[in-house]
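All residue numbers for the sequence shown refer to my numbering, where the first residue is 976 and numbers rise by one. I have placed the structure first, in the form of structure tokens, so that the comments after it can refer back to it.
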Amino acid sequence: MTRSSLHLLKGTGYLISTVSVALLAIASWDNASKSPLLIACLLGGAASSVIGMFCRWLSYEIEKRQEERR
976 MTRSSLHLLK GTGYLISTVS VALLAIASWD NASKSPLLIA CLLGGAASSV
1026 IGMFCRWLSY EIEKRQEERR
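Below you can see the structure in the form of structure tokens.
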């Protein structure tokens, strides 16, 4: 596998993980909506998970660009 295809695979994996977080949040919304604390936890957890995946993807993107410059 080339570096480019590995990079694409990583990005696809993070996209799939982001979609799965959204689907799990949607499935949990009915019970969480009964309590403001649970809503905050659900939204905070989903957002932090997506932000974390974005940061990891961004680090791969930065590494890829640095390697291309060399």
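The C-beta atom is built at its ideal place from N, Cα and C for all residues, glycine as well.
Cβ separation of residue 1017 and residue 1007, assumed to be a contact under 8 Å, to the nearest whole Å: Within the sequence shown, residue 1017 is the residue found at index 42, counting from 1. Within the sequence shown, residue 1007 is the residue found at index 32, counting from 1. Rounded, the Cβ-Cβ distance is 4 Å, consistent with contact.
Nearest neighbour of residue 988, chosen from 1040, 1031 and 1011 [CA to CA]: Reading the sequence shown from its first residue, position 13 is the one you call residue 988. Considering only alpha carbons, the answer is 1031.
Under the three-state DSSP convention, the category residue 977 falls into: Sequence index remark: in the sequence shown, residue 977 carries index 2 (1-based). Residue 977 falls in the coil class under three-state DSSP.
Residue 978 beta carbon less than 9 Å from that of residue 1042: Stepping through the sequence shown from its first residue, residue 1042 is reached at position 67. Stepping through the sequence shown from its first residue, residue 978 is reached at position 3. Against a cut-off of 9 Å, the Cβ pair of residue 978 and residue 1042 comes out as a contact.
Three-state secondary structure (DSSP) of residue 992: One-based indexing of the sequence shown puts residue 992 at position 17. Residue state, collapsed to three classes: helix.
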